[in-house]
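In our numbering, the protein residues as written are 81 to 144.
Every residue, glycine too, gets a C-beta built ideally from N, C-alpha and C.
Taking it in order: structure first as structure tokens, then the write-up.
Below you can see the structure in the form of structure tokens.
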């Protein structure tokens with residue numbers, strides 16, 4: 081995770097374009113797939129509620 085934070089800081093200093101931007105988007109897509117895979121196997125209370133219609137993430141809790 082630290083590696084991605086370092087890349088984020090570097091990208092803010094010098095924004096990417098062209099092929100480098102596409103490569104970064106591919107990295108983000110891969111990271112998203114890895115997180116989704118991890119979330120698939122974790123307990124329900126720890127799962128992010130990404131399928132809800134709300135605009136905010138509820139982290140597995142139900143708010144009335």
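Reduced DSSP category for residue i - H, G, I as helix; E, B as strand; rest coil
i: residue 128; result: coil
i: residue 117; result: helix
i: residue 101; result: helix
i: residue 96; result: coil
i: residue 138; result: Note on residue 138: pLDDT 48, under 50, position unreliable in the model; the coordinate value appears next. Coil at residue 138, not helix or strand.
Contacts around residue i, its chain only, beta-carbon distance under 7 Å, and the 5 residues preceding and following it disregarded
i: residue 96; result: 104
Rounded distance between the beta-carbons of residue j and residue i, thought under 8 Å
i: residue 128; j: residue 84; result: Not confirmed; about 17 Å, so no contact.
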